[in-house]
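K.L.:
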Amino acid sequence: MQDVDVLIIGSGPAGSSTALHLCRIDSRWAGRILVLEKAVHPRPKVCSGALSHHGAWVLKRLGLNPQIPHLTLNQLRIIHGNRHYTFRGDPVVRVFQRSFFDHWLAQETRKQGVRVHENESARAIIIDSNSRNENENQTGGSAGVIVQTDRQTYRAQMLVIADGSRSNTRKLLKWPFQSRDMARMLDITTAMNPTGQSMLREKRADLFFNRMAAGIQGYYWDIPSLRDGQYYVNRGLFDSRIITARNRLPLKPELDRYLRAPKRNVQLSDAELKSHPYHCFNPDNSFSRPRILLVGDAAGSDPLFGEGISFALGYGSIAANHIHRSFQKNDFSCRSYRDDLLADPVIKELSFRTKLARLAYTFENHKFIHFCWGVASLGIHFTPWSRKDHRPAPDFD
Ligand SMILES: Cc1cc2nc3c(=O)[nH]c(=O)nc-3n(C[C@H](O)[C@H](O)[C@H](O)COP(=O)(O)OP(=O)(O)OC[C@H]3O[C@@H](n4cnc5c(N)ncnc54)[C@H](O)[C@@H]3O)c2cc1C
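For the sequence shown, this note's numbering gives the first residue as 252, with consecutive numbering after it.
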């Protein structure tokens, strides 16, 4: 049995961010953290890779500069039928190849001196009996969380669950799970076509909310992307299912219909189609247990747009501060983690988007939704997001 102070399961943005933030608080943390990653970086990841200003600021505060190939987009067009409004920014998002982005973050984590064990998967978790009913302050001793992997057994003083939307670890711990929090996503990367070229020139991504009235609680997307040095158009469909009572449409025919539209003219081939569940944030859920914290998709992310990278990075900062304080106070109850989350500006944005998603995806009347689009397109003129020179994200150079 190996003893470790902080064990992090998963080296996606949430896990790496937690480790990096701990090192930023105090460089001595580096030797006290172990990150377990079941895959080997750069590992495949179903994701469009769009990083918003929220995530860019987290990286900036960490002193990190993502000098890896990416596209910068200056327009995010939000479309409903013949109405649209545009969020502008210079840039409004940066689009990364996810496998490279996560690889880079894991390398940055290693550079701090943190051990990252790739190709090692957490298989079982046993709560040390001393910590099972840990409502009191911990006084140390042998209590901890025992994690068995395919290679080793570890006893951790604190465990961070950062293993993504599917989170097998959450299942192992029989964490209460609400199926209404599980969104659906389909993703397909297609060759560049003339529409894609013009989007690339205009530095623009399009989100189509046309099927909201029919039951899609989300949107289709067309996002120019870069993969292994080549330009593509990443397309997909996000259905948050946040209003469970509404009609559940089969996603594949929906995506097929959208892909066949004349401007796209793409055939849906099963080989290219990837589907992935997506765990949405719900402020009523539990986010911690004694000695255990959830971060990133394992805790829950944005049900309005399906944005998760920035929030995963944001969770890392909150978890790191909480862990640092837990060790300082020798209190591993993790009772205040929820309050820490809900007080943080990044998670406040997540809570706001959750409320907005619950409201926006309730409406079934096409005309009313269309009217709202008209109002929004007027409203956007009064915000900085209408200006071409708006700089929501920091410069990295
Ligand atoms: C189709 C699609 C498109 C998306 N597009 C965007 C987008 O454009 N912008 C955006 O912001 N968000 C997007 N998202 C959401 C985003 O991908 C996630 O929110 C983000 O990856 C969450 O990061 P994470 O670190 O919590 O989890 P993950 O990135 O999923 O990382 C979890 C890590 O844990 C590892 N792991 C799992 N189990 C174990 C185990 N037992 N032991 C050890 N390691 C383990 C995995 O290998 C993985 O590396 C998209 C999602 C989907 C499905």
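Even glycine gets a Cβ: it sits at the ideal position worked out from N, Cα and C.
Measuring only the C-alpha atoms, how far is Gly559 from Gly469?
P.N.:
Going from the Cα of Gly559 to the Cα of Gly469 covers about 15 Å.
K.L.:
Which residue wins for smallest C-alpha separation from Cys274, given the options Asp582, Leu610, Ile574?
P.N.:
Checking every option, the nearest Cα to that of Cys274 belongs to Ile574.
K.L.:
Let me check you understand the geometry: is the CB of Met443 closer than 6 Å to at least one non-hydrogen atom of ligand 1?
P.N.:
No - ligand 1 has no heavy atom lying nearer than 6 Å to the Cβ of Met443.
K.L.:
Does at least one heavy atom of ligand 1 sit under 6 Å from the Cβ of Pro264?
P.N.:
It does: the Cβ of Pro264 is within 6 Å (strictly closer) of some heavy atom of ligand 1.
K.L.:
Among residues of its own chain, excluding the 5 on either side of Pro554, which ones have a beta-carbon nearer than 6 Å to its beta-carbon?
P.N.:
Excluding residues within five positions, the ones whose Cβ falls inside 6 Å are Ser491, Ile493, Cys531, Thr605, Ala608.
K.L.:
Using a threshold of 7 Å, state whether the C-beta atoms of Val346 and Leu310 are closer than that.
P.N.:
It is not a contact, given that the beta carbons lie outside the stated cut-off.
K.L.:
Measuring from the CB of Leu502, is there a heavy atom of ligand 3 at a distance below 6 Å?
P.N.:
With respect to ligand 3, the structure shown offers nothing to examine, as its ligands consist of ligand 1.
K.L.:
Just grab the DSSP bridge partners of Val255 for me.
P.N.:
In DSSP, Val255 forms a bridge with Ala407.
K.L.:
Which ranges does the beta strand (DSSP E) cover as unbroken runs of at least 3 residues, wholly within the stretch 316 to 376, from first to last along the chain?
P.N.:
Here the runs fully enclosed are 321 to 331, 334 to 347, 366 to 368.
K.L.:
Between which residues of its own chain and Ile276 is the CB-CB distance below 8 Å, once the five residues before and five after are set aside?
P.N.:
Result list for Ile276: Ala571, Asn572, His575, in chain order.
K.L.:
Per DSSP, which one or two residues make a beta bridge with Thr446?
P.N.:
Thr446 pairs with nothing; no bridge assigned.
K.L.:
Quick check: the Cα distance between Asp401 and Arg374, rounded to an integer number of angstroms?
P.N.:
Distance between the alpha carbons of Asp401 and Arg374 is about 7 Å.
K.L.:
From this set, Ala563, Ser539, Asp379, Val626, which residue's C-alpha is nearest Arg421's C-alpha?
P.N.:
For Arg421, the nearest C-alpha among the options comes from Ser539.
K.L.:
Could you please give me the residues that DSSP links to Asp457 through a beta bridge?
P.N.:
Note: Asp457 sits in a beta bridge opposite Arg328, Asp473.
K.L.:
If you draw a straight line from the C-alpha of Ala413 to the C-alpha of Pro643, how long is it?
P.N.:
Whole-angstrom Cα-Cα distance: 27 Å.
K.L.:
Opposite Arg478 in the DSSP bridges: which residues?
P.N.:
Gln481.
K.L.:
Let me know if Gly340 comes out buried or exposed under the rule of 16 or more other beta-carbons within 10 Å of its beta-carbon.
P.N.:
The residue is buried, with at least 16 neighbouring Cβ atoms inside 10 Å.
K.L.:
What's the C-alpha gap between Leu629 and Val286?
P.N.:
Looking at the two C-alpha atoms, the distance is approximately 47 Å.
K.L.:
According to DSSP, simplified to helix, strand and coil, what is Thr634?
P.N.:
In the structure shown, Thr634 sits in coil (DSSP, three-state: anything other than H, G, I, E or B).
K.L.:
Leaving out five residues before and five after Tyr471 in sequence, what residues of the same chain have Cβ atoms less than 6 Å from its Cβ?
P.N.:
Taken in chain order, the residues that qualify are Phe459, Leu488, Tyr509.
K.L.:
Along the chain, where does the alpha helix (DSSP H) containing Leu423 start, and where does it finish?
P.N.:
That run of the alpha helix (DSSP H) goes 419 to 423.
K.L.:
Could you tell me the alpha carbon to alpha carbon distance between Gly395 and Asp254, rounded to whole angstroms?
P.N.:
Computed Cα separation, rounded: 9 Å.
K.L.:
My output table needs one value for Thr400: the three-state DSSP class, helix, strand or coil.
P.N.:
It is a strand residue.
K.L.:
Return the chain-ordered ranges of every alpha helix (DSSP H) run that is complete within the stretch 546 to 630 and spans a minimum of 4 residues.
P.N.:
Listed in chain order, the complete alpha helix (DSSP H) runs (minimum 4 residues) inside the stretch 546 to 630 are 560 to 580, 588 to 594, 596 to 611, 617 to 630.
K.L.:
Considering just the uninterrupted stretch of the alpha helix (DSSP H) at Leu216, what are its terminal residues?
P.N.:
With the chain running from 252 to 648 in the structure shown, residue 216 is simply not present.
K.L.:
Once the 5 residues before and after Arg406 are set aside, which same chain residues still bring their CB inside 6 Å of it?
P.N.:
Cβ neighbours of Arg406 beyond the five flanking positions: Met252, Asp254, Gly395, Ile397.
K.L.:
Compare the Cα-Cα distances from Thr404 to each of Trp426, Pro427, Ile376 and report the closest residue.
P.N.:
The option with the nearest alpha carbon to Thr404 is Ile376.
K.L.:
By Cβ distance below 6 Å, which residues in the same chain neighbour Ser577 in space, the five residues on each side in sequence not counted?
P.N.:
Phe583, listed in sequence order.
K.L.:
Leaving out the 5 sequence neighbours to the left and right, which residues in its chain are closer than 8 Å to Asn370 when beta-carbon positions are compared?
P.N.:
Cβ neighbours of Asn370 beyond the five flanking positions: Glu288, Lys289, Ala290, Val291.
K.L.:
Between Val257 and Leu302, which are expected to be in contact by the criterion C-beta below 8 Å, what is the C-beta distance as a whole number of angstroms?
P.N.:
Not confirmed; about 26 Å, so no contact.
K.L.:
Under the rule that 16 or more other beta-carbon atoms within 10 Å means buried, what is Phe556, buried or exposed?
P.N.:
Answer is buried; the Cβ neighbour count reaches 16.
K.L.:
Count the other CB atoms within 10 Å of the CB of Pro504; is the residue buried (16 or more) or exposed (fewer)?
P.N.:
It is exposed - the Cβ of Pro504 has fewer than 16 other Cβ atoms within 10 Å.
K.L.:
CB Pro264 to CB Ala563, shorter than 7 Å?
P.N.:
A contact, by the Cβ cut-off of 7 Å.
K.L.:
How should Leu437 be labelled, buried or exposed, when 16 other C-beta atoms within 10 angstroms of its C-beta is the threshold for buried?
P.N.:
It is buried - the Cβ of Leu437 has at least 16 other Cβ atoms within 10 Å.
K.L.:
Taking 8 Å as the cut-off, does the stretch 512 to 523 touch the stretch 311 to 318 (at least 3 CB pairs, one atom from each stretch)?
P.N.:
No, the stretch 311 to 318 does not touch the stretch 512 to 523.
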